[in-house]
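First up is the structure itself, then whatever we jot down about it.
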Amino acid sequence: MKEEIKSEFKKAGFDFDEEEEILSKRLTFCINYSLTPSDLVSSWEVYYLNRQLDEPIVQNAEMEGFMLHLQNNVKDDIIKEETGLHLYSIGDVEMILNDDDTKDDTPSTPTNNRQDVYSPIHDTPSLYGNILASGKPADLVTPFSKRTDRFAVKFSINTIPDVENGKQELNHENEENDEYNIVSKIVSRKRCSLVIHGSGPKPGCRFMYDRTEDKINAIENRIKKHARALVASGLYEEPTDPSIASPRSFFSIGMICCDGEGRLNEKSVMLQSSIEHSGGECVRLDLQRLNHYSVFPGQVVGIGGHNPSGHCLVASKLVDYIPTSVAKEDLNPSKKQAIDKENQPTELLCNQRELSMIIAAGPFTTTDNLFFEPLVELLAYAKRRPPQLLVLLGPFIDSEHPDIKKGTVDRDFDEIFRFGSLEEVGRLCRKYGFSSTCSPCTIYTGC
2 MKEEIKSEFK KAGFDFDEEE EILSKRLTFC INYSLTPSDL VSSWEVYYLN
52 RQLDEPIVQN AEMEGFMLHL QNNVKDDIIK EETGLHLYSI GDVEMILNDD
102 DTKDDTPSTP TNNRQDVYSP IHDTPSLYGN ILASGKPADL VTPFSKRTDR
152 FAVKFSINTI PDVENGKQEL NHENEENDEY NIVSKIVSRK RCSLVIHGSG
202 PKPGCRFMYD RTEDKINAIE NRIKKHARAL VASGLYEEPT DPSIASPRSF
252 FSIGMICCDG EGRLNEKSVM LQSSIEHSGG ECVRLDLQRL NHYSVFPGQV
302 VGIGGHNPSG HCLVASKLVD YIPTSVAKED LNPSKKQAID KENQPTELLC
352 NQRELSMIIA AGPFTTTDNL FFEPLVELLA YAKRRPPQLL VLLGPFIDSE
402 HPDIKKGTVD RDFDEIFRFG SLEEVGRLCR KYGFSSTCSP CTIYTGC
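Listed below in structure tokens is the structure:
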């Protein structure tokens with residue numbers, strides 16, 4: 002039994018600091034709480050993610066806390082199994098208040114019909130596990146499940162032909178529950194490591210107490226650092242002031258900003274240059290001559306173009322990346338010919354190690370329910386096409402969700418996130434031996 006427990010923890014990517022003593026305690030947990038080794042690992046992963054432990058090492062100091070976690074789980078299971086126990090939701094109370102007079106045969110004072118803001122068909126059950134506690138009914142058809150363009154590519158950038166990707170994803174919809182087909186499609190790839198730098202603010206930091214001078218210096222340092230990197234690559238000239246009228250083409254570096262409080266659009270894009278070159282002034286940026294572009298406020302970019310009037314910079318080139326430093330004198334003639342139109346060596350890019358990634362941003366719920374259907378389908382796709390790295394960005398639940406605004410959910414954000422999202426991700430990790438890292442956002446709410 003100890004070897005099975007040790008094997009399950011190794012598959013999940015966990016090590017032991019005091020192996021023999023910890024395995025003895027884990028064996029006791031399995032016997033006392035009637036757990037299998039896989040169930041024990043599953044409970045440990047939930048405890049590990051909730052406590053936000055730094056290293057995937059099972060420490061002896063965490064055994065007491067883990068035992069309390071198991072005891073709470075057993076207590077919750079016993080409460081749920083009690084017969085004759087009914088949990089009344091706010092929808093039940095509304096039904097009793099509205100239908101109380103109709104159940105009695107005695108006459109009563111007429112009352113105005115009160116409009117029920119809650120759904121008369123389905124109450125919002127409590128969340129538990131990966132989906133709602135009541136489970137999604139098999140005959141319940143949601144708008145998300147009825148859509149016809151599943152896994153359809155809406156927009157593609159730098160598409161690389163792939164023979165394996167040539168098959169249509171729709172052909173695999175009927176194979177999701179076929180264990181053999183899912184496992185047989187897993188491509189053996191090398192594991193990658195993820196290191197998180199600056200997960201939270203430094204000790205002693207006071208949010209929203211930054212001085213204006215510090216903010217200006219931070220922006221100036223970002224622009225200067227970006228400019229030094231572009232110039233050091235040897236592919237771009239020294240930046241100039243973009244607000245000076247000049248019919249000749251020049252190169253400038255600055256930060257994208259918006260001219261108002263609304264959303265950024267093609268007519269509201271402005272470029273704020275450094276204090277060194279333009280005194281921090283902003284100039285309107287015209288991007289209509291570019292074939293394609295993607296910018297956001299706060300992004301530091303390099304712009305090539307001209308400013309005939311001094312009020313509008315007409316861009317002919319946008320550099321939104323830091324190119325690899327290349328010393329042209331060190332390149333032989335064959336490598337010099339490999340430099341493409343963007344002056345970036347394609348041979349160096351081809352030599353870089355390939356990394357398979359899936360990046361998705363929330364919220365992972367639809368507006369009509371809290372079943373986490375988009376997340377379930379995304380993880381189903383990851384099962385068929387396992388990447389080396391899967392990055393899930395928040396918010397996992399929208400704070401403006403109709404069910405949350407109406408108050409029909411009897412759990413808070415943390416419980417919905419823990420029992421909805423983390424359980425789904427943990428199930429995928431346990432099944433295929435993946436390792437997971439949770440980096441909570443400490444600045445923005447809902448992450």
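Offset between the sequence shown (1-based) and my numbering: plus 1.
Positions of the beta carbon are idealized from the N, C-alpha and C atoms, including for glycine.
If you check the beta carbons only, do Ser146 and Glu374 fall under 8 angstroms apart?
yes
Cβ neighbours of Glu170 in the same chain (closer than 7 angstroms, five flanking residues each side left out):
The predicted position of Glu170 is uncertain, since its pLDDT is 45 and thus under 50; no value can be drawn from it.
Leaving out five residues before and five after Gly14 in sequence, what residues of the same chain have Cβ atoms less than 6 angstroms from its Cβ?
Pro57, Ser436
Between the alpha carbons of Phe156 and Ser295, how many angstroms are there, rounded?
13 angstroms
Short Cβ contact (8 angstroms threshold) for Ile257 with Gln300:
yes
CB-CB under 8 angstroms to Ile323, same chain, minus the five flanking residues each way: which ones, in chain order?
His227, Ala230, Leu231, Ser234
Quick check on the DSSP output: the alpha helix (DSSP H) that includes Cys31 runs from which residue to which?
20-33
Pair within 8 angstroms by beta-carbon distance, Asn12 and Gly408:
According to the sequence as given, residue 12 is Lys; it is not Asn. No, the pair does not count as a contact, with Cβ atoms beyond the cut-off.
How big is the Cα-Cα spacing for Pro298 and Gln273?
11 angstroms
May I ask you to report which of helix, strand or coil DSSP gives Gln53?
coil
Under the DSSP definition of a beta bridge, which residues are partnered with His227?
None, per the DSSP bridge assignment.
Rounded to whole angstroms, what's the CA-CA distance from Glu355 to Arg192? Just pull it up for me.
12 angstroms
Would you mind sorting Leu141 into buried or exposed? The rule is 16 or more other CB atoms within 10 Å of its CB.
exposed
Cβ-based burial, Gly66 [other Cβ within 10 Å; buried from 16]:
exposed
Among Asp399, Arg52, Ala62, Ile32, nearest to Glu20 - alpha-carbon criterion:
Ala62
When Gly261, Pro309, Glu221, Asp211 are compared against Pro248, the one with the closest alpha-carbon
Pro309
Check His293 in the structure and name its three-state DSSP category.
coil
Which one of Phe414, Val196, Ala316, Ile217 has the shortest CA to CA distance from His402?
Phe414
Bridge partners of Gly306, per DSSP?
Phe251, Ala316
Please report the straight-line C-alpha distance between Gly255 and Met358, rounded to a whole angstrom.
30 angstroms
Contacts around Val392, its chain only, beta-carbon distance under 6 angstroms, and the 5 residues preceding and following it disregarded:
Ile360
Quick check on Met209: does DSSP put it in helix, strand or coil?
coil
Residues near Asn370 by beta carbon distance below 7 angstroms, same chain, minus five either side:
Thr143
Below 6 angstroms CB to CB, which residues in the same chain sit around Gly427 once its five sequence neighbours on both sides are set aside?
Glu46
Contacting residues, own chain, Cβ-Cβ under 6 angstroms from Gln60 (five flanking each side not counted):
Asp18
Here's the rule I'm using: 16 or more other beta-carbon atoms within 10 Å means buried, otherwise exposed. How should Asn114 be labelled?
Any reading at Asn114 is ruled out, since the residue's pLDDT is 46, under 50, leaving its predicted position unreliable.
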